[in-house]
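Asker: Here's a structure for you.
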Amino acid sequence: MASAGKLHRHQARTAYLFITPTMLLFLIFTVIPVFMAFYLSFTNYDVLSHMDWAGWDNYRRLWQDSLYWLTFKNVLYYSVIFVPLNILISIGLGVLMNQRLRGIRLFRTLNYLPTLTSAVAAATVWVWLLHPEYGLVNGLLSYLGINGPAWLAQTETAMMSIILVTLWQSVGSNMVIYIAGLQGIPDYLYESAKLDGANAFQRFRYITWPQLRPTTFLVSTMSIIGALQLFDQAFVLTQGGPGNVTKTPVYLIYQQGFNQLQMGYASAQAFVLAIAILVFSFINMRLNKSEEPVV
Amino acid sequence: MQQRIIKREAFYVKKWLSVASLILTATVALSACGSSGGGDKSSAPASSSGSSASASETSSGKPVELTFWGDWGGEGQKQFETMVDAFNKSQDKIKVKYVLQQDMITKFLTAATSGGSPDILFWDRWRTSLYAPKGVLHPIDDFMAKDGLNKGDFYDEALKELSYQDKLYGLPLTVDARALFYNKKLLSDAGITNPPATWDELEQAAIKTTKWDGNKLLVSGFSLGDNGLFNMYLQQAGGTMLTDDGKTNFNNEKGKAVLAYWDKLLNTDKVYKVGFEQGLGEGTDAFATGKLAMTYTGPWMLTTYKKYGKDLDFGVVPPPAGPNGDKGSVMGGFGLVVPEGSKHQQEAWEFIKWWTANKDNALLWAKTSLNIPGYKPALEDPFFKDDPLWKPFLDTLEFAKIRPQHPGYSVMEGDALVPNLQLFQQKKQDADTTLKKAQQRGDQLLQDNAQAK
Chain A
1 MASAGKLHRH QARTAYLFIT PTMLLFLIFT VIPVFMAFYL SFTNYDVLSH MDWAGWDNYR
61 RLWQDSLYWL TFKNVLYYSV IFVPLNILIS IGLGVLMNQR LRGIRLFRTL NYLPTLTSAV
121 AAATVWVWLL HPEYGLVNGL LSYLGINGPA WLAQTETAMM SIILVTLWQS VGSNMVIYIA
181 GLQGIPDYLY ESAKLDGANA FQRFRYITWP QLRPTTFLVS TMSIIGALQL FDQAFVLTQG
241 GPGNVTKTPV YLIYQQGFNQ LQMGYASAQA FVLAIAILVF SFINMRLNKS EEPVV
Chain B
1 MQQRIIKREA FYVKKWLSVA SLILTATVAL SACGSSGGGD KSSAPASSSG SSASASETSS
61 GKPVELTFWG DWGGEGQKQF ETMVDAFNKS QDKIKVKYVL QQDMITKFLT AATSGGSPDI
121 LFWDRWRTSL YAPKGVLHPI DDFMAKDGLN KGDFYDEALK ELSYQDKLYG LPLTVDARAL
181 FYNKKLLSDA GITNPPATWD ELEQAAIKTT KWDGNKLLVS GFSLGDNGLF NMYLQQAGGT
241 MLTDDGKTNF NNEKGKAVLA YWDKLLNTDK VYKVGFEQGL GEGTDAFATG KLAMTYTGPW
301 MLTTYKKYGK DLDFGVVPPP AGPNGDKGSV MGGFGLVVPE GSKHQQEAWE FIKWWTANKD
361 NALLWAKTSL NIPGYKPALE DPFFKDDPLW KPFLDTLEFA KIRPQHPGYS VMEGDALVPN
421 LQLFQQKKQD ADTTLKKAQQ RGDQLLQDNA QAK
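Written as C-alpha cells, this is what we have:
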C-alpha cells in the first residue's frame, strides 16, 4: 500500500511538471491580461503617454454607445442563424461521411479542405464569387432565371453572405468532431434497436442524437464563442458595411484600441464582450444539460 | 481524431487570443512603462544620452546604424531598399536598414514606450493629429531651421498634415489626390470629344457611356462605388466637412446638393449599380477591363492601368467643378518621421533630409516608385512636366485639401457618415434623414474621440 501511494505521488509530481509550462503560459497570456483589461477599463489608458483613473466613465460611455449595441445585435442575428445551421449541416455531413464506403476518406478530406484555408484568403475569393454581375453564384442563379442580388453590397443580404461563407469554412472541422462522436457510439445499441424494429429515423432520434449530446455541446459552445468574435470575414467581405449591418464588437474594439488609441474604452468593450460570451456559454450549458456528466 | 479536435480548439484559442491581443499589448506596454518610470520621463533622457552616444560613435569612424520601419512589402519594399542603398552609398557615416513591419502601427505602439523604437518611421500622414499629442514623435523644426530648409518647397497642405500645434513632425514623401480617369475609347464612341469639366458635363458623359442589357449593367458610365469620396464632392459643392470648432458641417444645402447629384446619377440616369465594382481586383478591375467609362482614383493606379497598354486608352483630368465652379479634391500621402524614442535623431534627420528635401533624390524616388514627391522643385523635371498623365495630378494638387485634422475624423467618416450614405444609395432612407443621422452620430463620435492627449 505504501509503495502504491509513493508511486501515486511520483506520478502526480510528474504530471505537475508537465503541465507547468502550459499553466504558466496560460497565466501570463490569459489570466493576467484579463485582470489587466478589467483594471484598464476603468482608466483612460492610451498605451503611449499616460493613464488616469476614469472610474465608471468608460462604462457610462459604453452604455450610450448605440453603435456598440448595434454590433451586438448584428452578431446575435448572425448566431441565431449560424449556430443551428452549423450543427445541422455538420451532423448531417458527419453521418454521411461515417459510412463504410470505398473512397469515403477522399470525401472527408474534400469536406475538410475549406477549414484549412485562411479566413482572409477564403473571404477574398468569396468576394469575387458573390459579385453581382460576374460572380459564379449569380451566374448559376441566372441559369435558373433568377436575377441574383448584389450579395455583399445590399443591407438585406450582406449578413446572409457572411453566414454562408463562414458556414462553408467551419462545417468541415465540426464534421470531423461529429465523426469522432459517431464512432464512439457502441454498435450493439443499433443492433438491438434493429432487432426491436426501429427504423433509421428512430435509430437516429433515440440513439445517435442523445449519444452525441456531449459532441453537440462542444460544437455549439465553440460556434457561439466563434460567432460573438466574428471579425476576419466581416472585415474582408464587407468592412462592416453596408450601413453598419455587418459591424461586429471585435471590429469596434480593434478600431477603438489600435486606431483611436483609447485602450481604456476598448478594454471596457472587450470586457463586456467577454461577459456576454460567458453568459451565452452558460445558457448553452443549461440547454444541453443531460443526466450523464458533460465533457 | 483526438489530435484534430485539439487543433480545432487551438484554432478557437487563437481567435480568442487575437481578441485578447489588445489586452496583451496593453500589459506589455504598461509593464515597460512602469519599469522605466513613466513614458514621458523615459523619452527625454533617452534622446540626450542618444545624441552623445552617437557623437562618440561617429568620431570612432564606425557608421551609425539606423532602423527604418515601413509597412510596404513586395514592390514597395524593393523601392524603399533602392533608396536606402543609394543613401548608404552616398556617405559612410550612417547606415540605414529597412525593416518591413506588416503591422507597423501596432508594433510601434509598444516599441514607442518600451525601447526598441525605430529611428525612422514611414508615416501615413493623417495619423499625426492622433500621435503627435502623445509625445512619441520628435519635432523637426530645429533641424529645419539649422539646415536652412525652405518650407515653401513642400506642399503646404502636406506639411499641415504633418503638424500639430505649430510644430512640424516630419517631411512629406509622397503626395496624391484623386482625379478623374476616363476611358478615351468609350467616350469618343459616345460622341464626347472633351472630357468633362463640370458636374453637368460629367453627368451627360456618364449617361451617354452607360450600357444596360435588361437588368444587367454592361458598361457603367461613372463609378459611384466609393462613398468615402463624399468629402471631395462636398468641396466641389462649396462646403467643408467640419466647422472650425470641430463639428460636422454637411447637414446643409451643400451636403444636400451632393446627395441630389448622386441620386440623379444613380436612380434617374442609372449610370451605376450598387456593388458593381466590389471584389474586382487588379486584372478584373472594372475600369481596366472597359466596364467603367469614368472613375475617381489616384496616381497609384497609373502603373496598373498602364500595364494594359493598347487595350486601355485612358486619360486623366482634374475633378470636374461643382455647380458654382468650386473645385475640390482630397490630398493624402505619406511622410517620414522621427520617433521620440530614437537614439539617433540627428542621423535619422540626415536620412529624411537626403530623401525628401533633395531634388535628385526625390526624383530618383519618384521614378523608382511612380509617386509624386512632396518636394516641389523635383516636379520641375521633364519626367513630370512632359507627361500628360502627371499634369492633371499636379494641377489637382494645387487646390486639393487634406482631410480635417481632428483625432476623431476617420471614425466619424467610417462609422457615422459612410454607413448612412450607403443606406441612402440603396434607397433605404432619404437625403434629409441621411444627413441628419450622419450629423447626430458624427458629432457624437467627434466629441467622444476629441481627446487625443
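From first to last, the protein sequence lines are chains A and B. Quick note: the first sequence, position 184, residue 184 per full-length UniProt numbering, numbers continuous. Quick note: the second sequence, position 59, residue 59 per full-length UniProt numbering, numbers continuous. Glycine included, each C-beta is placed from N, C-alpha and C at the ideal position. For clarity, every value in this text was computed on a predicted model and none was experimentally measured.
What's the C-alpha gap between residue 117 (chain A) and residue 289 (chain A)?
Answerer: Cα to Cα, residue 117 (chain A) sits roughly 34 Å from residue 289 (chain A).
Asker: Would you identify the three-state DSSP class for residue 65 (chain B), choosing helix, strand or coil?
Answerer: Three-state result, residue 65 (chain B): strand.
Asker: At what residues does the beta strand (DSSP E) containing residue 171 (chain B) begin and finish?
Answerer: Segment 170-172, the beta strand (DSSP E) holding residue 171 (chain B).
Asker: Tell me the DSSP secondary structure of residue 147 (chain A) in three-state form.
Answerer: It is coil, neither helix nor strand.
Asker: Rounded to whole angstroms, what is the Cα-Cα separation between residue 374 (chain B) and residue 145 (chain B)?
Answerer: Distance between the alpha carbons of residue 374 (chain B) and residue 145 (chain B): 19 Å.
Asker: State buried or exposed for residue 146 (chain A), treating a residue as buried only when at least 16 other CB atoms are found within 10 Å of its CB.
Answerer: Its Cβ having fewer than 16 others within 10 Å, residue 146 (chain A) is exposed.
Asker: Under a Cβ-count criterion, where at least 16 other Cβ atoms within 10 Å of its own Cβ denotes burial, should residue 235 (chain B) be classed as buried or exposed?
Answerer: When all chains shown are included, residue 235 (chain B) counts as buried.
Asker: So with CB distances below 8 Å, who are the chain B contacts of residue 154 (chain A)?
Answerer: Ordered by position in chain B, the residues that pass the 8 Å Cβ test against residue 154 (chain A) are 274, 275, 426.
Asker: Give a yes or no on whether the C-beta atoms belonging to residue 249 (chain B) and residue 239 (chain B) are separated by under 8 Å.
Answerer: Contact flag set, yes.
Asker: Bridge partners for residue 339 (chain B) per DSSP, in chain order?
Answerer: Looking at the DSSP assignment, residue 339 (chain B) forms a beta bridge with B:137.
Asker: State buried or exposed for residue 406 (chain B), treating a residue as buried only when at least 16 other CB atoms are found within 10 Å of its CB.
Answerer: Flag for residue 406 (chain B) reads buried.
Asker: Any idea what DSSP makes of residue 435 (chain B), helix, strand or coil?
Answerer: Looking at residue 435 (chain B) - three-state DSSP - the assignment turns out to be helix.
Asker: Please list, in chain order, the chain A residues whose beta carbon lies closer than 9 Å to that of residue 130 (chain B).
Answerer: Per Cβ cutoff of 9 Å: 259, 260, 261.
Asker: Quick one: is residue 456 (chain B) buried, meaning 16 or more other Cβ sit within 10 Å of its Cβ, or exposed?
Answerer: The first residue shown for chain B is 1 and the last is 453, placing residue 456 (chain B) beyond what the model contains.
Asker: Who are the neighbours of residue 85 (chain B) on chain A, taking C-beta pairs under 7 Å?
Answerer: What residue 85 (chain B) touches in chain A: nothing, since even the nearest Cβ is about 32 Å away.
Asker: According to DSSP, is residue 152 (chain B) helix, strand or coil?
Answerer: Three-state DSSP puts residue 152 (chain B) in a helix.
Asker: CB-CB under 8 Å to residue 415 (chain B), same chain, minus the five flanking residues each way: which ones, in chain order?
Answerer: Hits under 8 Å: 441, 445.
Asker: Pop quiz: residue 64 (chain B) and residue 94 (chain B) are said to be a contact at Cβ under 8 Å. What is the actual Cβ separation, rounded to whole angstroms?
Answerer: So it is a contact: roughly 5 Å between Cβ atoms.
Asker: Exposed or buried, what is residue 66 (chain A) when buried is set at 16 or more other beta-carbons lying within 10 Å of its beta-carbon?
Answerer: The residue is exposed, with fewer than 16 neighbouring Cβ atoms inside 10 Å.
Asker: Residue 321 (chain B) by DSSP, collapsed to three states: which one?
Answerer: DSSP places residue 321 (chain B) in strand when its eight states are reduced to three.
Asker: How far does the beta strand (DSSP E) with residue 332 (chain B) in it extend, from its first residue to its last?
Answerer: Segment 330-332, the beta strand (DSSP E) holding residue 332 (chain B).
Asker: Would you say residue 307 (chain B) reaches chain A, if we count a Cβ-Cβ gap shorter than 8 Å as a contact?
Answerer: Taking Cβ atoms only, chain A never reaches closer than 8 Å to residue 307 (chain B), which makes this a no.
Asker: Can you tell me which of B:368, B:423, B:112 puts its alpha carbon nearest to the alpha carbon of residue 338 (chain B)?
Answerer: Of the listed residues, the one whose Cα sits closest to residue 338 (chain B) is B:112.
Asker: Start and end of the alpha helix (DSSP H) containing residue 294 (chain B)?
Answerer: Not the alpha helix (DSSP H): residue 294 (chain B) falls in the beta strand (DSSP E), residues 292-297.
Asker: Alpha carbon to alpha carbon, how far is residue 33 (chain A) from residue 45 (chain A)?
Answerer: If I take the Cα positions, the gap works out to 14 Å.
Asker: To the nearest angstrom, report how far apart residue 232 (chain A) and residue 126 (chain B) are at their CA atoms.
Answerer: Roughly 25 Å between the two C-alpha positions.
Asker: Would you decide whether residue 293 (chain A) is buried or exposed? Buried here means 16 or more other CB atoms lie within 10 Å of its CB.
Answerer: Only weak support is given to the placement of residue 293 (chain A): the predicted model assigns it a pLDDT of 45, under 50, and the value that follows is read from those uncertain coordinates. Residue 293 (chain A) should be labelled exposed.
Asker: Would residue 220 (chain B) and residue 271 (chain B) qualify as a contact pair, given that the criterion is a beta-carbon distance under 8 Å?
Answerer: Result yes, Cβ atoms of residue 220 (chain B) and residue 271 (chain B) sit closer than 8 Å.
Asker: Helix or strand or just coil, what does DSSP make of residue 56 (chain A)?
Answerer: Coil, per DSSP.
Asker: I'd like to know whether the C-beta of residue 255 (chain A) is nearer than 8 Å to at least one C-beta of chain B.
Answerer: Yes - at least one Cβ of chain B is within 8 Å of the one on residue 255 (chain A).
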